[in-house]
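Here the structure comes first, spelled out in structure tokens, and everything after it is commentary.
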Amino acid sequence: MKPEKRKRNRGLILTREGWQKLQNAKLEWEFRKNNGSKSTLEELSEQAAITPVTFRKILTRETGVDKGTLVRLFMMFNLELDKSDYTSPDSDLKGQEDLKNPKRIDWGEMVDVSIFYGRTDELTLLEQWLIQERCRVVALLGMGGIGKTSLAAKLSQKVQGWFEYVIWRSLYNAPPLFDLLANFIQFFSNEQVLETDLPKSVDRRTSQLIEYLQQQRCLIVLDNVETILQTGAYAGCYREGYEDYGLLIKRLGQVMHQSSLVLTSREKPKDIASLGGETLAVRSLQLSGLEVVAGQKIFEAKGFSGSESELPAVVERYAGNALALKIVATTIQDVFDGNVAEFLQQYTAVFGSIRDLLDQQFSRLANLEKDIMYWLAINREPVSLSEIRQDIVSPIPPQNLLEALESLVRRSLVEKNTTLFTLQPVVMEYVTQRLIEIVCQEIKTQNLDLFRCHALMKATAKDYVRETQIRVILKPVIDGLVTVLRSKRNLENQLTQIIAKSQGTSPLEHSYTAGNVLNLLCYLGTDLSGYDFSFLSVWQADLRNVKLHDVNFQNANFDRSVFAETFGGVSSVAFSPDGKLLAMGDTGGEIHFYQVSDWKHLLTCKGHTNWIPSLAFSPDGSILASGSSDYTVRLWDIGRGRCLQTFQKHSNEIWSVAFSPDGNTLVSASNDRTIKLWDVSTGECLRTFSGHTNWVISVAFSPDGKTLASGSDDNTVRLWDINSDECKRIFHGHDDGVRSITFSPDGQILVSSSDDHTVKLWDLNTGECIKSLHGHRAPVWSSAISPQGNFIASGSLDQTVRLWNISTGECLRTLEGHSGWVLSVAFNLQSDLLASSSDDQTIKVWNVSTGQCLKTFIGYTSNSWSVAFSSDRRTLASGSQDRAVRLWDINTGKALQTFLRHCGAVRSVAFSQDGQMLISGSDDRTMKLWNVNTGKALQTFLGHRAAV
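Numbering (our numbering), first residue to last: 2 to 949.
This is the structure:
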């Protein structure tokens, strides 16, 4: 068999001398034309009038091109193509091998990277920077353990063939630059320069080094550059005595030469920051963690398999930090016998060597940087510069705060997303652990610093964030202190002493001390009666569910603390069409307006004398309509907060109001079994629709304004012609009263909810029930369709809100959190928000996508709906809006007992003849029998279909 004949490579390639000649000329041309900035391959190709593919062939010398192309390219750089500059590909095989084999290599302390995972994209980019774009300085940056050293080593191995000299040096032991330069000069001179001949100053040695870097192509790698940078100062500042390293980096970045310096560091040196740019000769690459697939390979190399979700979960928990993953893999193997699932169930992700790694990095921070790190851990999610500034106790100039944040970003400890800042999960857990440990020690010794300057919980945070703060910060602090101080009582005494000490030494000082103490006491369930917080700054205290009877707050500063709002049970909610306002109607007949952007209370409208089951904004958002149990409909001027008109034609309670799409008319539904159409401008009742045989509970306009839909306690839904008051169709199918109805945005579907526990979808053209949604365990009093028409929200007396897919009927999510009936739900037309109101005296605002509760408004009214005297006239019983039954001592006026088992307002109370028992009736449709002496609920009577 004849040997295969090698295919001849036609055309010409550059010789080693020609290639070097072209590279030097290209470097000079870029320096002259672009002030040192690198040109892209496309830009150079266009300038030389050749294609990028051909240009790449010339630079790589692997494929021949015609001589005319070489001449044209050389002319672009004012070069003349000599015979020594080109040859045929076949005759220059040895020359190519020479070019890809450096003369000298000194790997020094370079790590072994024979096993290396991932980083394909990073390697490709770095090779391009060093080989094609010939960058003079490249910095690999990232937090400890992220893989900078391994990547630098792998890169050096891959590109070594393009350099004549390669040298690797670690700065771990912080060698003086004077000595390091001597090492470089002797290496690049092939040991021809004797020690006695070396220049005597750093400046002259640097100049001599640059001469070698200009004469030949050299690669220098400096590992662990952070060891020559200052600790306790902003990132990138050099240690005293090591400032000349900065001058070296600066000169290597600015002076023209054909070599490259690659450095690794946990923080970006200032010179890199000032000289670097996307098209400049100085570049930096910020390393993030390994991708999940690459991270899994670290575990697979140790023999792990794990389920499809377990290993990715570990990689994500440690943000792909290669060193952390290696430590964790060993720990799982040794401690958990290879059981990944058991490891994931453990609370902490920070332990042993991982903690040591983070301790090293944290110890380098300046005080303001540490302050910011603690606040980012407390906030738990990305926050803005302005919010961090507001959190910090002492006034900080914005410039100083920005410098500190930029420093943390350069250290790879803080992640920046557009204008928001946060911490990686492992870093956040580490900083949280530090905060808890230090705060516990401070409370124990009463020597306060972090406890004074940082809130353990932010009352103003989103609900789900605040709940996380309680779980991961407040509770661990309490658990730790109860253990150390040996009892809850001792902890309460310690906190009381801290308050007294603060009042004596620093009254009205701006601090979080009093707010933290209050939040800790509230979580402990401490009776606050008799506590004294006078003349203190009570910041970020959550006082919404706290009984503050007999607490002294004289001259206290309540900045950023949260109290209960002045409303009772909330019977209705509505968002304005522009999504900027949230209106809520309460059981006391008041309407409250809040600004959605910051949930600030704007105004309260008063006029109704009974609860408000329904609210509706006009299409232009300028008017709010309210329907009340006082038999009236009112129109309100939102801008001025005054009542424009009152409609008084109904003879019973009004359950529902709705505007027509053009805003000119309003419709109302009532217990008087009628629906009335009103002229908004004149207040005239234009038409009355009759036909329902029981209360009309809900009403809605079709999107085209031509049809009216109504739902009634007669178990039917009716469609009415708006112009003729004719009933066009009756929908039968519900087994109990219809509580709410809503049209889909396209007007093709009607959604109804009912006391029969279901939500039904109706085809408006055929009158058929398309779907019946089951899942609620009690009557469904409210429903709403999202602005896009893809979701249904339903609120039920089972205390839940459910989100449904309108196409499939699938229940996507159940929102839990209310402790009373959910009376109303409403979508925000402009954002991903849903509001729900309940007779538990709360309104909750939910993120529809995540199901997270963003905000809870907690109301409180002390209205007593009923009172009764015991037969001996010594005790008074009261039933209140706050769902409580209270017993009072007639002589002293003090509360003797509070019974808290009802889920709605307590409307009636009565003593037994012997005074030993008390019976109460509530909005929750139950009656309860109580033992007056023990406070125990003896029996609950069910069966009522309405409030008792």
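Glycine residues also receive a C-beta, built at the ideal position from the N, C-alpha and C atoms.
Judging by CA-CA distance, which residue of the options is the nearest neighbour of residue i?
i, options, result
"A302", "G233, E317, S310, L326", "L326"
"Q831", "G810, S787, T851", "S787"
"R778", "G796, Q789, G768, D764", "G796"
"R110", "N174, V160, T197, L521", "The residue you asked about is not Arg; residue 110 is Glu in the sequence shown. Of N174, V160, T197, L521, the residue nearest in Cα terms is N174."
"L616", "L603, E591, W600", "E591"
"L798", "L813, N806, L824, E817", "L824"
"S682", "P704, D722, G505, I624", "I624"
"V256", "W679, I211, W30, D86", "I211"
"L13", "T88, L583, G69", "T88"
"A234", "D338, V700, K371, D198", "K371"
"G19", "E43, T61, S820", "T61"
"R884", "T843, G852, Q853", "T843"
"D756", "S784, G768, P383", "S784"
"I444", "W30, S881, I500", "I500"
Given a threshold of 16 other Cβ atoms within 10 Å of its Cβ, counted over all protein chains shown, does residue i qualify as buried or as exposed?
i, result
"P103", "Model confidence at P103 stands at a pLDDT of 49, short of 50, so the residue's coordinates are unreliable; what they give is reported in the following sentence. It counts as buried."
"S838", "buried"
"N225", "buried"
"T955", "Outside the modelled stretch of the chain, which goes from 2 to 949, sits residue 955, for which no answer is possible."
"S488", "exposed"
"K155", "buried"
"L195", "exposed"
"N932", "exposed"
"I1", "Missing from the structure shown is residue 1; the chain here goes from 2 to 949 and no further."
"T150", "buried"
"F870", "exposed"
"K95", "Note that K95 scores a pLDDT of 43, beneath 50, so its modelled location is shaky; the value from the coordinates is reported in the next line. Exposed, because fewer than 16 other Cβ atoms sit within 10 Å of the Cβ of K95."
"S572", "buried"
"N556", "exposed"
"M429", "buried"
"E98", "Its pLDDT being 45, under 50, E98 is placed unreliably in this model, and the coordinates cannot settle the point."
I need the DSSP call for residue i, collapsed to helix, strand or coil.
i, result
"R926", "coil"
"Q231", "coil"
"E47", "helix"
"V478", "helix"
"G936", "coil"
"M458", "coil"
"S657", "strand"
"R453", "helix"
"N848", "strand"
"G19", "helix"
"W889", "strand"
"D599", "coil"
"R435", "helix"
"E591", "strand"
"R356", "helix"
"L804", "strand"
"L943", "coil"
Assuming residue i contacts residue j (C-beta within less than 8 Å), just tell me the rounded distance between them.
i, j, result
"I698", "V739", "6 Å"
"A236", "S364", "That belief does not hold up - the Cβ atoms of A236 and S364 are roughly 13 Å apart, past 8 Å."
"N558", "V539", "7 Å"
"L774", "G748", "Not really, about 20 Å apart at Cβ, beyond 8 Å."
"T207", "L182", "6 Å"
"L436", "A378", "6 Å"
"T857", "D543", "10 Å between Cβ atoms; not a contact."
"I393", "W376", "7 Å"
"W696", "F732", "W696 to F732, Cβ: 17 Å. No contact."
Name the one or two DSSP bridge partners that residue i has.
i, result
"Q287", "L142"
"K677", "S669, T689"
"R643", "D638"
"K761", "S753, S773"
"A342", "Answer is none; A342 lacks a bridge partner."
"Q470", "According to DSSP, which records beta bridges pairwise, Q470 is partnered with nothing at all."
"W169", "V222"
"V384", "F422"
"C854", "W847"
"V907", "S923"
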